[in-house]
Ligand SMILES: Cc1ncc(COP(=O)(O)O)c(C=O)c1O
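Listed below in structure tokens is the structure:
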């Protein structure tokens, strides 16, 4: 397929091996449903919904048309002291999916911004609540909370922070929840809940009253899918309650059906104080993220200021951009009308069984999964990440897109996937693994 590009040099690509890519580019020129096409005409099945963004599949006309219509009607309204109806409609639709009493939504433009915004909301809340001594954040090893400075400060993945040593102070990490006896456990591991006691151990020397919030991904996604042990998240909630610490679930990946319910919070029956989200909010079509908070957080921050004053000195030029809101509304309608969260729940068993068919492959070191996401850990070849990187490239040319982090493949198909799509993903995955034996 033709494309009008003379040089690949000018674009400094994110999270990419630029020199390697430019020598042999994996350029995608079209996408539709479960598939994408590269510039040579090769057809690829999308095994990871892009980057966990497209549960409704690619190329949804309803979304494209809603954005087009919005752009012709009202392309841009600033949100500082002005508004347009779309943001209110989208906030209401998202609120309906959230656990009670979480009915207030702050819009941003990405997952990273949602994390930064959540950190600032936490600080604003404690200050308004007369507890500005709560200066410490707790996160977790192997955590991914985006790439802005707050998120990097919370990060538990070394590659994402070792180049940037000047991060926020006062951040303490708990251990991650993966233990050797959990190997190949499908769904929630039965062991490991006691790792939540790390939070007690942090409260002891620092004092629970100095901790502002605990940030966790309910399922740690980017690191390769670490599913929370049974009872772990509930125990974190209890400890937070004991010390009035806010619990933040980063649901940038798990939000909007990935675990079979709108949010993982509902799936695991634990209500945090704040939920961050992005990606599937607009089915990946337009960049957008959001932070949802419990009513008392919104009310405390808002009521702490005089009636006529700005209550929260934070926001982005493109917060709640009309195009993003239009994409979000159209996306939420699709999820609802097509019952896509239920569909994800129904397809999960077939999907996870298919992934577990890789269990005996010589190169597979571990499998983890829940709902419509699964991690396949590839045994490294002596150099961490080398085999995974090569596999990802080979899978592409074999007709499969999969997100890899080092040697961990993260499979997360769209919820519109049929069984034959799941089969195709796993067959191509296996075939490519075989080529590496
Ligand atoms: C849990 C989590 N938080 C935050 C982010 C950052 O999102 P973005 O890349 O949209 O900034 C991601 C991205 O994968 C994520 O998985």
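Numbering (the working numbering), first residue to last: 4 to 440.
Where a beta carbon is used, it is the ideal one built from N, C-alpha and C, also for glycine.
Owing to the predicted nature of the structure, the values given are computational and were not obtained by experimental measurement.
Indicate whether the contact test is met: 3 or more Cβ pairs, each with one atom in the stretch 175 to 190 and one in the stretch 230 to 244, closer than 8 Å. yes
Practice task
List the residues that DSSP assigns as beta-bridge partners of residue 250.
Solution key: 217
Review point. Tell me which same chain residues have a C-beta within less than 7 Å of the C-beta of residue 152, skipping the five on either side of it?
Key: 170 and 171
Thinking just about the alpha-carbon of each residue, which of 262, 333 and 147 is nearest to the one in residue 443? This structure leaves residue 443 out entirely; the chain is present only between 4 and 440.
Of the residues 384, 113, 303 and 203, the one placed nearest residue 177, counting alpha carbons only
203
Along the chain, where does the beta strand (DSSP E) containing residue 34 start, and where does it finish?
31 to 35
Beta carbon of residue 222, beta carbon of residue 376: below 8 Å?
yes
Measuring from the CB of residue 220, is there a heavy atom of ligand 1 at a distance below 7 Å? yes
Closer than 7 Å: is that where the CB of residue 114 sits relative to any heavy atom of ligand 2?
For the structure depicted, ligand 2 is absent and the ligand set comprises only ligand 1.
Distance, Cα to Cα, residue 190 vs residue 361?
-> 16 Å
### Query
Going along the chain, which residues of its own chain have a beta-carbon closer than 7 Å to the beta-carbon of residue 120, five neighbours each way excluded?
109, 111, 294 and 317
Note to self: Assess contact between the stretch 282 to 296 and the stretch 54 to 71, defined as three or more Cβ pairs (one per stretch) separated by less than 8 Å. Is contact present?
What the structure shows: yes
Query raised in the report: Between residue 257 and the rest of its own chain, which residues show a CB-CB distance below 6 Å, the 5 nearest in sequence each way excluded?
Result: 221, 222 and 267
- Within the present structure, is the beta-carbon of residue 147 separated from the nearest heavy atom of ligand 1 by less than 7 Å? yes
Which one or two residues does DSSP pair with residue 406 in a beta bridge? 413
Q) For residue 371, which three-state DSSP category applies? A) strand
Mapping the DSSP letters down to three states, classify residue 113 as helix, strand or coil. coil
* Quick one: is the Cβ of residue 323 within less than 7 Å of any heavy atom of ligand 1? -> no
How would you label residue 320, buried or exposed, when you count the other beta carbons within 10 angstroms and need 16 or more for buried? exposed
- With burial defined as no fewer than 16 other Cβ atoms inside 10 Å of the residue's Cβ, what is the status of residue 245: buried or exposed? exposed
Notebook entry, point to check: How long is the line joining the alpha carbons of residue 329 and residue 408, rounded to whole angstroms?
Noted result: 32 Å
ask   = Do residue 381 and residue 367 have their C-beta atoms within less than 8 Å of each other?
value = yes
Among the candidates 17, 48 and 26, whose CA atom is the shortest distance from the CA of residue 415? 48
Per DSSP, which one or two residues make a beta bridge with residue 209? For residue 209, which the question treats as bridged, DSSP gives no partner whatsoever.
query = Since residue 328 is in the beta strand (DSSP E), which residue starts that stretch and which ends it?
reply = First-last for residue 328: 325 to 340, but that is the alpha helix (DSSP H), not the beta strand (DSSP E).
**Q.** Cβ-heavy atom distance, residue 154 to ligand 1, below 7 Å
**A.** yes
For residue 177, does the three-state DSSP call read helix, strand or coil? strand
Looking at the structure shown, is residue 279 part of a helix, part of a strand, or coil, going by DSSP? strand
**OP:** Please classify residue 260: does DSSP put it in a helix, a strand, or coil?
**Re:** coil
Straight-line gap, residue 136 to residue 212 (C-alpha atoms, nearest Å): 8 Å
key: With 16 other Cβ atoms within 10 Å as the buried cut-off, status of residue 339   = exposed
Practice problem: Identify which residue in 173, 168 and 142 has its Cα closest to the Cα of residue 158. | Solution: 142
>> Is the beta carbon of residue 148 closer than 8 Å to that of residue 253?
In response: yes
- Cβ of residue 277 versus every heavy atom of ligand 1: is any distance shorter than 7 Å? no
**Prompt:** Taking 7 Å as the cut-off, does the CB of residue 281 come closer than this to any heavy atom belonging to ligand 1?
**Reply:** yes
Checklist entry - Is the beta carbon of residue 51 sitting closer than 8 Å to the one on residue 406? => result yes
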